[in-house]
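Enquirer: The sequence shown begins at 477 in our numbering and counts up one residue at a time. Beta carbons are placed, not taken as given, at the ideal position from N, Cα and C, and that holds for glycine.
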Amino acid sequence: MSSPELIIAIQKNDKAAKRTAFDTYYGQLAAIANRYSKNADQAEEMTNSGFATCLQKLQNLRTSQVADLDAFFEKEFIQACIEFVKNVRSEYYVSSTVHATDATTSKNYNLFENNELIDFNHLDTDVLVKSLQQMVPSQRLVFNLHVIDGYSLLDAAALLESSEATAKSNLEKARFNFQKNIEKNLKQIKA
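1. Our contact map puts Leu537 next to Ser479 with C-beta atoms below 8 Å; I'd like the distance itself, whole angstroms only.
2. Output yes or no for whether 8 Å exceeds the beta carbon distance between Leu647 and Glu640.
3. Taking Ile484 as the reference, which of Val542, Gln609, Leu505 has the closest Cα?
4. Put Ala506 into one of helix, strand or coil per three-state DSSP.
5. With 16 other CB atoms within 10 Å as the buried threshold, where does Met522 fall?
6. State the DSSP-derived secondary structure class of Asp517, mapped to helix, strand or coil.
7. Just to confirm the assignment, what range does the alpha helix (DSSP H) spanning Glu637 have?
8. According to DSSP, is Asn489 helix, strand or coil?
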């Protein structure tokens, strides 16, 4: 079934078309939810509710408004993940007490320079995901949006309904905490 045919069938509330969309996009959406969530249980819940949100939005659009179904699902699902995390208010408004810079250490935590401590090209995906999940939600969200999903800092701030300065501050803290989490997780594996 082509994308336009699938969209039309979903808009007609065809259960087989919804199942086809679920089968087609589940892996991609689950991987995104895994990055945006704090653990596997939350990722599963986020995947299911986010997929339902995407289907609902797709049903409310005209077929001509969706040029690329893959891009539609990714964009809408990321927004659903953000809303999901923000709705868990007891977690979202927790701030980190770790500062982005630490004058007592000579380690370089800039993830975009060559790093002698960690070879990011040979890290296990599970270590990376676990390290992401250990961050506080505000940092995890901006890190995913800006570093992984490629949103500009201004666009990420708009999606998170925060100022660009807040997004930048959270991103700096996220980079530092991501590095520290990877180091901690690698030490646990080696122990």
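Expert: In terms of the structure at hand:
1. As a working mapping, residue 537 is identified with position 61 in the sequence shown. As a working mapping, residue 479 is identified with position 3 in the sequence shown. Leu537 to Ser479, Cβ: 13 Å. No contact.
2. Stepping through the sequence shown from its first residue, residue 647 is reached at position 171. Stepping through the sequence shown from its first residue, residue 640 is reached at position 164. It is not a contact, given that the beta carbons lie outside the stated cut-off.
3. The residue given as residue 484 occupies position 8 in the sequence shown. Of the candidates Val542, Gln609, Leu505, Val542 places its Cα closest to the Cα of Ile484.
4. Working through the sequence shown from its first residue, we reach residue 506 at position 30. In this structure, Ala506 counts as helix in the three-state DSSP scheme.
5. Sequence index remark: in the sequence shown, residue 522 carries index 46 (1-based). The residue in question, Met522, is buried, as its Cβ has 16 or more Cβ neighbours within 10 Å.
6. Taking the first residue of the sequence shown as 1, we reach residue 517 at position 41. In this structure, Asp517 counts as helix in the three-state DSSP scheme.
7. To locate residue 637, count along the sequence shown from 1; it is residue 161. No alpha helix (DSSP H) holds Glu637; DSSP gives it neither H nor E.
8. Residue mapping note: residue 489 aligns to position 13 of the sequence shown, counting from 1. Under the three-state reduction of DSSP output, Asn489 falls in the coil class, being neither helix nor strand.
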